[in-house]
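S.K.:
There are 2 protein chains.
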Amino acid sequence: MYELFFRNFTKKVPLTQEEEALIKTYLTPKKLRKKQYLLQEGDVCKNIAFIEAGALKAYSVDDTGNEHIIQFGIEGWIISDLYSFLTGEPATYNIDAIEDAELILISKSAHEELLLKIPKYETYTRLNITGAYLAMQKRLTSIISSPLAERYANFTALYPDIVQRVPQHMIASYMGLTPETLSRVRRRISAK
Amino acid sequence: MYELFFRNFTKKVPLTQEEEALIKTYLTPKKLRKKQYLLQEGDVCKNIAFIEAGALKAYSVDDTGNEHIIQFGIEGWIISDLYSFLTGEPATYNIDAIEDAELILISKSAHEELLLKIPKYETYTRLNITGAYLAMQKRLTSIISSPLAERYANFTALYPDIVQRVPQHMIASYMGLTPETLSRVRRRISAK
DNA sequence: CGATTTTTTGAATCATATCAACGTACGTGG
DNA sequence: CCACGTACGTTGATATGATTCAAAAAATCG
């Protein structure tokens, strides 16, 4: 159940057996069926979720009822409404399962204790958030400076697994496009 | 010279006199005239820069020669090509001064030593990157889910000082628009 | 003041959104 | 296991909104 989590952790920061055992006591497994919510807008985000298996999405919903996907998550990724988690404010994002999923939850109090007690957990956290920051910066750069076809090509090159596993209209949402437009972009690309 | 840096630091993580003195030995002040580069695309980013005074921008340049501003920085902010800094790869962004600026540089080796020697520096770094992540996530959400006029209103509400200090065409670039479009958006807004 | 940069405006063009219809695949219940 | 219903992707026609190019007006700097 915790294999991937610790494989991921120790790849970033090596751990002793004792440390690993101690950290394990702070973790809570959770399974989610496809379409189930992990978090609903307006609720406070109580956990950070590490994804052991499956796929999730975090998204906001606008006035006209449209979903805007801010993040996908698959095995090995972390998903959460970090702002809500850290501040205790109501979440502005929804998170639900695109596929049946197995998660490892870290509650706020667990997170805080781990930061205090285990310096390596702080390093792990720092490296995680740094990676997430860099990935998002790339995405943002691509949005403001690349033509559509290139952006889609970047996306498929970067996340081939996601392209295969999630419906196209969700990728359109992630890219800030209508499904029709993405469909036409794909046709233009494959025509070449 | 270092006031703002340490005011900012201790607001996040309190420091003893000794710690502050020790950290100071790792810092290098630098002044930059308006239009001077701090970093050019293709060079390796050797430093993280804390801005004591002035204003800078980080941007990429596309094939057609257009600038796309990925980040503004003013007093109290940090600016850098973090990916290049951390990996040693050539920078993909340029950074230059919009106004005369006073910076505090932290080199790669200084950064690494500080992380090892001073746990509070790691906490400071973690909190900084977390803040930057959350700010960028807000920006991204606004791009993919809000209408233009609202996005501009958000921006002016969030960064009134930047709106006053930088030319409008740079804000257009930051928003991923042409200057003409931003001009028209502003007219539409003020017509109400 | 003169030169340069910045912002605004207008007209034509291009790209994306919207609305509607259709075809297909998939999963579920009968 | 089949049939039906739902979700998904594609296509077309039209509308909307942003870009582009050109020029003029306004603001800023030396």
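Chains F and S, in that order, give the protein sequences. Residue numbers for the first sequence, in our numbering: 3 to 194. Residue numbers for the second sequence, in our numbering: 3 to 194. Yeah, the Cβ is synthetic: ideal placement off N, Cα and C, and Gly gets one too.
Would you mind reading off the limits of the alpha helix (DSSP H) that contains Gln-170 (chain S)?
M.R.: Unbroken alpha helix (DSSP H) run through Gln-170 (chain S): 170-177.
S.K.: May I ask you to report which of helix, strand or coil DSSP gives Tyr-85 (chain F)?
M.R.: Tyr-85 (chain F) falls in the helix class under three-state DSSP.
S.K.: List, in order along the chain, the chain S residues whose C-beta lies closer than 7 Å to that of Thr-127 (chain F)?
M.R.: Chain S residues near Thr-127 (chain F): Arg-128.
S.K.: In angstroms with no decimal places, state the Cα-to-Cα distance between Thr-143 (chain S) and Ile-72 (chain F).
M.R.: Each residue's alpha carbon lies about 6 Å from the other.
S.K.: Between which residues of its own chain and Glu-91 (chain S) is the CB-CB distance below 8 Å, once the five residues before and five after are set aside?
M.R.: Correct list, in chain order: Val-46 and Tyr-85.
S.K.: Taking the C-alpha atoms as reference points, what is the distance between Thr-66 (chain F) and Glu-77 (chain S)?
M.R.: Spanning the two alpha carbons is a distance of roughly 39 Å.
S.K.: For Val-15 (chain S), name the three-state secondary structure that DSSP assigns.
M.R.: In this structure, Val-15 (chain S) counts as coil in the three-state DSSP scheme.
S.K.: Nearest chain F C-beta to Thr-180 (chain S) closer than 8 Å, yes or no?
M.R.: So, not an interface residue.
S.K.: Taking Lys-33 (chain F) as the reference, which of F:Leu-88, F:Tyr-61, F:Asp-102 and F:Lys-13 has the closest Cα?
M.R.: Nearest of F:Leu-88, F:Tyr-61, F:Asp-102 and F:Lys-13 to Lys-33 (chain F), Cα basis: F:Asp-102.
S.K.: By the three-class DSSP mapping on this structure, what secondary structure does Thr-180 (chain F) have?
M.R.: Correct three-state label for Thr-180 (chain F): coil.
S.K.: For Leu-150 (chain F), collect the residues of the same chain with a Cβ closer than 7 Å to its Cβ; drop the 5 residues on either side in sequence, then sort them by chain order.
M.R.: Within the same chain, Leu-150 (chain F) has close Cβ partners Val-187.
S.K.: Please state whether the Cβ-Cβ distance between Glu-124 (chain S) and Glu-124 (chain F) is less than 8 Å.
M.R.: For Glu-124 (chain S) and Glu-124 (chain F), yes; Cβs fall inside 8 Å.
S.K.: Which residue wins for smallest C-alpha separation from Ala-137 (chain S), given the options S:Arg-128, S:Lys-122, S:Ala-155 and S:Leu-160?
M.R.: The option with the nearest alpha carbon to Ala-137 (chain S) is S:Leu-160.
S.K.: On a CA-only basis, which of S:Ala-51, S:Leu-6, S:Ile-53 and S:Glu-152 is nearest Ser-192 (chain S)? Give me that one, please.
M.R.: The option with the nearest alpha carbon to Ser-192 (chain S) is S:Glu-152.
S.K.: State yes or no: is the beta carbon of Met-172 (chain F) nearer than 8 Å to at least one beta carbon in chain S?
M.R.: Answer no: the Cβ-Cβ gap between Met-172 (chain F) and chain S never drops below 8 Å.
S.K.: Starting from the Cα of Lys-36 (chain F), find the closest Cα among F:Glu-182, F:Ile-100 and F:Ala-174 and give me that residue.
M.R.: Minimum Cα distance to Lys-36 (chain F) is reached at F:Ile-100.
S.K.: According to the Cβ coordinates, are Ser-109 (chain F) and Lys-26 (chain F) closer than 8 Å?
M.R.: Against a cut-off of 8 Å, the Cβ pair of Lys-26 (chain F) and Ser-109 (chain F) comes out as no contact.
S.K.: From which residue to which residue does the beta strand (DSSP E) around Gln-73 (chain S) run?
M.R.: Looking at the DSSP string, the run of the beta strand (DSSP E) that includes Gln-73 (chain S) is 69-76.
S.K.: Could you tell me the alpha carbon to alpha carbon distance between Arg-128 (chain F) and Thr-127 (chain S), rounded to whole angstroms?
M.R.: Spanning the two alpha carbons is a distance of roughly 8 Å.
S.K.: I'd like to know whether the C-beta atoms of Gln-170 (chain F) and Leu-184 (chain F) end up nearer to each other than 8 Å.
M.R.: It is a contact, given that the beta carbons lie within the stated cut-off.
S.K.: Beta strand (DSSP E) containing Thr-30 (chain F): first to last residue?
M.R.: Element bounds for Thr-30 (chain F): 30-34.
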